[in-house]
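Written below as structure tokens is the structure these notes are about.
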Amino acid sequence: MDDLEDLYFEIHDSGDLIRLEFAKPNKINDDSMNDWDKNWIRVKVIIKAGAFNGHYWADFMTTDFELFKRDIKKIDQDFNGIGKFETLEDQLNLSIKGDGIGHFELECIAKDNASFGSRLSFSLTFDQTELKRLINELDKIIKAYPIKGDMNIKNE
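According to this note's numbering, the residues represented by the sequence shown are 97 to 252, in order.
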């Protein structure tokens with residue numbers, strides 16, 4: 097079994113979900129002279145939100161996942177605050193907000209094309225029992241796709 101078979105990130109609520117799966121092989125260009133180019137990851141974004149469902153391909157940076165993991169670890173400590181997954185080309189933005197007592201709301205904005213794409217906005221809810229799983233999924237992604245080169249953000 098390929099180690100990438102179990103590599104995904106998913107938040108779900110009553111049948112609705114946002115799921116990120118990773119292309120095999122991925123398009124990271126390790127031969128590039130530019131560190132920036134070495135840190136792109138090809139991702140399949142899968143959405144089921146009410147009557148809407150589908151998927152699209154997008155390119156995200158390795159740093160996006162590291163920063164998101166840091167945010168989720170913070171809100172896992174006190175159930176307050178906001179965790180954000182903000183992609184450079186704005187193809188997916190996730191914002192998780194805690195209420196301080198263990199309930200979380202995910203606001204999602206998905207764009208199928210970086211320049212002129214269609215846009216879908218929806219929300220999901222979950223509780224604190226999901227946070228450890230989310231952190232674990234992000235740890236697996238970061239291990240498979242570490243930040244490469246001389247970037248301002250490093251893996252913890």
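Cβ atoms here follow ideal geometry from the backbone N, Cα and C, with glycine treated the same way. Predicted model, so just to flag it, every value in this text is computed and none were measured.
Taking only three categories from DSSP, how would you classify residue i?
i	result
F212	coil
I237	helix
E252	coil
D246	coil
N232	helix
M97	Because the pLDDT of M97 is 38, which lies under 50, any placement of that residue in the model is unreliable, and the number read from its coordinates should be weighed accordingly. In this structure, M97 counts as coil in the three-state DSSP scheme.
K120	coil
D133	helix
I114	strand
D102	helix
Along the beta strand (DSSP E) that carries residue i, what are the first and last residues, could you check?
i	result
E185	E185 -> no beta strand (DSSP E), and no H or E assigned at all.
Who are the near neighbours of residue i in its chain, counting only those whose CB is closer than 6 Å to its CB and skipping five residues on each side?
i	result
I142	R115 and H151
C204	I114, L190 and F218
D235	none
F164	F181
F156	I137, V139 and T183
I187	Before going on, a small fix: residue 187 reads as Gln here, not Ile. Excluding residues within five positions, the ones whose Cβ falls inside 6 Å are A154, K207 and A210.
In the DSSP assignment, find the alpha helix (DSSP H) that holds residue i and state where it starts and stops.
i	result
I205	Not the alpha helix (DSSP H): I205 falls in the beta strand (DSSP E), residues H199 to K207.
L163	T158 to D174
Excluding the five sequence neighbours on either side, which residues of its own chain have a C-beta within less than 7 Å of the C-beta of residue i, listed in chain order?
i	result
F237	For the record, residue 237 in the displayed sequence is Ile; it is not Phe. If we look at I237 and ignore the five residues flanking it on each side, its Cβ neighbours are L103, F105 and F161.
Measuring alpha carbon to alpha carbon, tell me which residue in the options is nearest residue i.
i	options	result
T225	D127, G194, A119 and I249	G194
F148	S211, R215, I192 and N130	R215
K120	W153, D109 and M129	W153
K134	E252, D246 and N251	D246
N41	K244, E252, I249 and E233	Missing from the structure shown is residue 41; the chain here goes from 97 to 252 and no further.
N251	K207, R166, G111 and N125	R166
Might you give, ordered along the chain, the residues of its own chain that have their beta carbon closer than 8 Å to the beta carbon of residue i, omitting 5 neighbours on each side?
i	result
F118	L100, L103, Y104, I137, R138, V139, K140, I237, A240 and Y241
G196	D174, F175 and N176
I want to check one thing, is the minimum distance from the CB of residue i to the heavy atoms of the ligand NAD below 7 Å?
i	result
K239	This structure does not include the ligand NAD; it has no bound ligands of any sort.
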